[in-house]
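Novice:
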Amino acid sequence: MALKSLKDSGRVVRPWLGLQGRTLEPSLGNVVRMPVTAGFLVEVVEDGSPAERAGLRGGHLSISVQGEDYLLGGDIVTAVNGSPVRTREDFGARVKLLKVGQRARLTIFRDGTARDVTLNVAERPRLPYDLSDQE
227 MALKSLKDSG
237 RVVRPWLGLQ
247 GRTLEPSLGN
257 VVRMPVTAGF
267 LVEVVEDGSP
277 AERAGLRGGH
287 LSISVQGEDY
297 LLGGDIVTAV
307 NGSPVRTRED
317 FGARVKLLKV
327 GQRARLTIFR
337 DGTARDVTLN
347 VAERPRLPYD
357 LSDQE
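This note's numbering puts the sequence shown at residues 227 to 361.
1. Who are the Cβ neighbours of threonine 313 in its own chain at under 7 Å, not counting the five residues just before and after it?
2. Taking only the alpha-carbon atoms, compute the straight-line gap between aspartate 316 and glutamine 328 and give it to the nearest angstrom.
3. Cβ of glutamate 349 within 7 Å of Cβ of valine 239?
4. Give me the residue from Pro351, Arg279, Gly255 and Ser275 with the minimum Cα distance to tyrosine 266.
5. State the Cα-Cα distance for the pair glutamate 294 and valine 271, rounded to the nearest angstrom.
6. Please report the distance separating the alpha-carbon of arginine 352 from that of proline 241.
7. Put leucine 254 into one of helix, strand or coil per three-state DSSP.
Rendered as structure tokens:
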């Protein structure tokens with residue numbers, strides 16, 4: 227995938243939704259009495275991102291459980307385009323399969339109910355450690 231992108235455009239084009247988070251551990255779900263005990267817990271929604279434009283929510287309540295810090299109150303992603311998401315790794319793998327410009331459907335859990343949110347996949351912004359196009 228990355229090689230094709232590099233060949234076609236001279237650089238690696240990566241899909242981006244603008245979400246940061248972690249795996250929702252079953253122990254956390256049980257401690258705070260969440261009805262969902264697996265998924266991608268959204269802690270940060272990046273400004274100007276597809277996720278922000280689609281109305282996804284990041285966390286706002288900082289807690290520590292068994293020495294782990296969490297930012298609660300955000301959405302929990304349980305599927306991407308119908309494929310289940312149980313961990314942060316699942317979420318990352320599903321996002322990597324998306325194409326820039328594609329519409330993606332996230333199934334999220336918010337305020338006690340599951341709902342689908344559709345967003346447009348963008349290209350990940352360049353990071354300082356990315357190789358420049360001139361190199």
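Virtual Cβ for every residue (Gly too), placed ideally from N, Cα, C.
Specialist: Checking against the coordinates, here is how it stands:
1. Thr249
2. 19 Å
3. Contact annotation: glutamate 349 and valine 239 have beta-carbon atoms nearer than 7 Å.
4. With the sequence shown as reference, residue 266 is identified as phenylalanine, and tyrosine is not the correct amino acid for it. Ranking the options by Cα distance to phenylalanine 266, first place goes to Gly255.
5. 20 Å
6. Between the alpha carbons of arginine 352 and proline 241 lies a distance of about 12 Å.
7. helix
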